[in-house]
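Beneath this line is the structure, given in structure tokens, with notes to follow.
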Amino acid sequence: MHLALRYLLEIKSSSTGHVFDPVENFHLRNGAEIYAVNWKADTTTKGMESSYGLMVNYLYRLDQVAKNSTQYIQKGDIAINSQALELL
17 MHLALRYLLE IKSSSTGHVF DPVENFHLRN GAEIYAVNWK ADTTTKGMES
67 SYGLMVNYLY RLDQVAKNST QYIQKGDIAI NSQALELL
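Numbering (this note's numbering), first residue to last: 17 to 104.
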């Protein structure tokens, strides 16, 4: 779980400077925060091949969406819930 969260927070696209994962980038650009990382959440063949069964929950706090989006787009800052941060 620790390595999965490090991937979500640290692996960036060399061309944009934003996160490499397109689904994560979509949610972060729209103002979400990383809420949880779940092991064995998708144990289908496709899920295991694409993400080893890991899934991420994103939380949209309406009072934080604009701030989170702006911080991510302008600075690359990633909003993350304190519960998920404990995995580091």
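Just so it is clear, CB atoms sit at the ideal spot from N, CA and C, and this is done for glycine as well. Keep in mind that this is a model prediction, so the values were computed, not measured.
Annotation: Glu102 is outside any beta strand (DSSP E) and is labelled neither H nor E by DSSP. Scanning the region 35-98 for uninterrupted alpha helix (DSSP H) segments of 4 residues or longer gives 38-45, 61-67, 81-91, listed from N- to C-terminal end. The region 40-52 and the region 64-82 touch, with no fewer than 3 CB-CB distances between them shorter than 8 angstroms.
Remark: C-beta atoms of Leu104 and Leu21 approach each other more closely than 8 angstroms.
Of Ala100, Glu102, Ile94, the smallest CA-CA separation from Glu26 is found for Ile94.
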